Amino acid sequence: MSVVSPIREHLVTGGKTYHDVTEDICRHVEAKPTKEWKIAFAISVLVLMYGGGWVLWTWWEGLGVWGLNKTVGWAWDITNFVWWVGIGHAGTLISAILLLFRQKWRTSINRAAEAMTIFAVLCAASFILMHMGRPWLAYWALPLPNTFGSLWVNFNSPLVWDVFAISTYFSVSCLFWFIGLIPDLATIRDRATGVRKTIYGALSLGWTGGAKTWARYEDVSLILAGLSTPLVLSVHTIVSFDFATSVIPGWHTTIFPPYFVAGAIFSGFAMVQNLMLVTRVVYKLEDYITLEHISLMNKIITLTGSIVGVAYITEFFIAAYSGVEYEKYAFLNRATGPLWWSYAAMMTCNVLSPQVFWFKKLRENIVVSFVIAVVVNIGMWFERFVIIVTSLHRDYLPSSWTYFTPRMGDIGDYIFSFGFFFTCFFLFSKFLPVINMAEVKSVLKSASEKKSKH
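Take a look at the structure:
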């Protein structure tokens with residue numbers, strides 16, 4: 350009996366030629382902004398300005414405008430920080446780890462994912478500045494020589510490790526993203542005239558497209574992928590140390606590093622899925638971001654969601670097995686205490702909702718994929734909220750037990766981060782190629798049916 354291997358779906362559909370790829374992707378950069386883009390951009394700028402007002406108010410009045418109290422000293426602010434850092438993980442995973450594993454389906458989505466990483470890390474960094482109250486003294490977080498005697502940062506603090514981890518991650522992500530842009534910028538430069546030609550010419554750094562240039566480009570891509578891979582694992586590991594190195598029940602646990610990394614990839618892929626589904630429709634890129642891409646993304650969301658689900662169950666088991674009554678109570682309080690609704694939202698959104706993707710029809714359904722990706726990011730926000738607030742609001746002293754209620758200051762600062770993120774993403778999608786032309790062309794011959802065969 351002969352066995353026929355199933356043929357993989359095409360990565361690029363529509364029988365595209367190299368010329369078609371260039372035309373389809375450059376068209377959005379070269380054309381005037383559409384009415385829809387202008388409306389969306391205007392809304393995001395208004396949201397940014399409204400949120401920016403709240404950030405200035407926070408700095409002016411102090412952190413008293415947040416809903417923090419003597420028991421809950423960390424809440425929405427740090428939740429938002431960890432959430433944005435997590436979202437920033439998918440870009441490097443797609444561009445670095447999938448590059449090393451030679452996964453060619455990454456070519457259509459890596460550019461937007463890398464841009465999303467940079468914007469998400471900037472949003473996370475904004476919450477560090479908000480925390481400081483005096484943002485003009487932000488450089489004090491760095492170990493710089495100073496005139497205050499032997500006044501150094503506390504190198505034993507995971508918050509200082511955060512500064513190093515996130516700044517390294519940000520700089521490597523920027524480098525990776527920009528180097529990937531250079532061949533495409535040169536393509537736009539060669540098609541442009543006037544001021545645009547000068548700007549894209551300067552950004553393309555004299556790219557010639559010669560064989561030696563391409564060889565060096567590929568070497569640098571591999572080297573950066575090798576450098577970035579440990580960063581994907583280390584950044585959220587160090588963020589998890591903010592909690593795991595403390596002695597607070599609910600935080601003091603060794604499962605946090607792998608659990609945070611899986612959660613970060615989970616939420617990051619969900620955000621990439623949201624952005625790519627919108628980009629696919631708005632810029633008419635259905636031939637490049639195909640149902641196969643959407644299906645593969647959903648498979649990763651299901652896998653990482655299941656890993657996160659196992660981590661939640663493991664936490665409960667370890668708390669019960671530890672024999673420490675405070676640890677047991679911390680987890681019982683999460684599920685049945687006054688904040689039970691946030692725990693229920695977390696479990697429903699993160700563990701149950703991605704399981705619909707076991708069915709191929711739902712996995713390849715655009716609307717279902719979009720809705721589940723939104724639900725996953727809501728769930729991942731609640732995960733961070735549950736870890737932080739439910740572990741703090743009931744401590745060892747029952748007389749200090751309290752409830753956390755956010756104020757408009759918390760909500761306004763969070764709104765600012767959304768305005769900033771989407772303003773940056775809209776600018777990126779208009780003035781830079783949203784899909785990597787050079788890499789899509791590299792998979793074209795193996796991925797597409799040539800017109801000559803029809």
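Throughout the sequence shown, residue numbering follows my numbering, covering 350 to 803 in sequence.
A virtual CB, placed ideally from N, CA and C, is assigned to each residue, including glycine.
Predicted model only: the values in this text are computed from it and were never measured.
Cβ pair residue i, residue j closer than 7 Å
{"i": "Thr739", "j": "Leu681", "result": "no"}
{"i": "Ile528", "j": "Ser553", "result": "no"}
{"i": "Asp759", "j": "Trp433", "result": "no"}
{"i": "Ile604", "j": "Thr663", "result": "yes"}
{"i": "Thr441", "j": "Ser570", "result": "no"}
{"i": "Ile614", "j": "His438", "result": "yes"}
{"i": "Thr420", "j": "Thr685", "result": "no"}
{"i": "Ala461", "j": "Leu624", "result": "yes"}
{"i": "Glu788", "j": "Thr456", "result": "yes"}
{"i": "Met695", "j": "Gly728", "result": "yes"}
{"i": "Ala619", "j": "Ile650", "result": "yes"}
{"i": "Tyr549", "j": "Leu534", "result": "yes"}
{"i": "Ser691", "j": "Phe753", "result": "no"}
{"i": "Val720", "j": "Leu711", "result": "no"}
{"i": "Cys773", "j": "Phe468", "result": "yes"}
{"i": "Ala660", "j": "Tyr608", "result": "yes"}
Element boundaries [alpha helix (DSSP H), containing residue i]
{"i": "Ser766", "result": "757 to 780"}
{"i": "Leu442", "result": "That residue, Leu442, is in no alpha helix (DSSP H); it is neither H nor E in DSSP."}
{"i": "Leu524", "result": "507 to 540"}
{"i": "Pro607", "result": "605 to 631"}
{"i": "Ile667", "result": "640 to 671"}
{"i": "Leu634", "result": "Neither: Leu634 is in no alpha helix (DSSP H) and is coded neither H nor E."}
{"i": "Phe390", "result": "384 to 410"}
{"i": "Ala490", "result": "Segment: none, Ala490 is in no alpha helix (DSSP H) and carries neither H nor E."}
{"i": "Lys677", "result": "674 to 685"}
{"i": "Val812", "result": "An answer regarding residue 812 cannot be provided, because it is not within the stretch 350 to 803 covered by the chain."}
{"i": "Ser553", "result": "From DSSP, Ser553 is part of no alpha helix (DSSP H); its letter is neither H nor E."}
{"i": "Ala693", "result": "689 to 696"}
DSSP three-state assignment for residue i, whether helix, strand or coil
{"i": "Ser595", "result": "coil"}
{"i": "His742", "result": "coil"}
{"i": "Trp750", "result": "coil"}
{"i": "Leu711", "result": "helix"}
{"i": "His368", "result": "helix"}
{"i": "Arg451", "result": "coil"}
{"i": "Ala787", "result": "helix"}
{"i": "Ser795", "result": "Confidence at Ser795 is low in this model, with a pLDDT of 47, below 50, so the placement of that residue should be treated as unreliable; the coordinate-derived value is given next. Here Ser795 sits in helix by DSSP."}
{"i": "Gly575", "result": "helix"}
{"i": "Lys561", "result": "helix"}
{"i": "Ala736", "result": "Looking at the sequence shown, residue 736 is not Ala but Ile. The answer is helix: DSSP assigns Ile736 an H, G or I state."}
{"i": "Thr547", "result": "helix"}
{"i": "Val361", "result": "coil"}
{"i": "Leu500", "result": "coil"}
{"i": "His377", "result": "helix"}
{"i": "Asn726", "result": "helix"}
{"i": "Thr428", "result": "helix"}
{"i": "Trp600", "result": "coil"}
{"i": "Asn418", "result": "coil"}
{"i": "Trp433", "result": "helix"}
Member of the options whose CA lies at the smallest distance from the CA of residue i
{"i": "Ala464", "options": "Met786, Ser791, Pro782, Ala787", "result": "Pro782"}
{"i": "Leu405", "options": "Val394, Ala535, Thr628, Leu478", "result": "Leu478"}
{"i": "Ser589", "options": "Phe504, Ile392, Leu711, Ile737", "result": "Ile737"}
{"i": "Trp600", "options": "Ile443, Tyr678, Leu534, Arg538", "result": "Tyr678"}
{"i": "Ser702", "options": "Ser644, Ala469, Ser718", "result": "Ser718"}
{"i": "Ser425", "options": "Phe780, Asn785, Phe770, Ile764", "result": "Here residue 425 turns out to be Trp, not Ser, going by the sequence shown. Closest by alpha carbon: Ile764."}
{"i": "Thr628", "options": "Phe771, Gly364, Ile467", "result": "Phe771"}
{"i": "Pro484", "options": "Val502, Asp533, Thr407, Ala551", "result": "Thr407"}
{"i": "Pro755", "options": "Val396, Thr428, Gln452", "result": "Thr428"}
{"i": "Leu524", "options": "Ser671, Phe734, Met786, Ala574", "result": "Ala574"}
{"i": "His585", "options": "Thr542, Ser516, Ile572, Tyr566", "result": "Ser516"}
{"i": "Gly768", "options": "Lys384, Leu395, Pro382, Asp373", "result": "Leu395"}
{"i": "Asp373", "options": "Asp568, Glu635, Arg733, Asp539", "result": "Glu635"}
{"i": "Phe708", "options": "Asn647, Val735, Trp563, Val673", "result": "Asn647"}
{"i": "Val610", "options": "Val431, Ile388, Val378", "result": "Val431"}
{"i": "Lys381", "options": "Ser778, Leu793, Ser791", "result": "Ser778"}
{"i": "Ile436", "options": "Ser766, Ile784, Val630, Leu776", "result": "Ser766"}
{"i": "Cys375", "options": "Arg540, Val630, Leu652, Leu776", "result": "Arg540"}
{"i": "Glu713", "options": "Tyr661, Leu645, Phe592", "result": "Leu645"}
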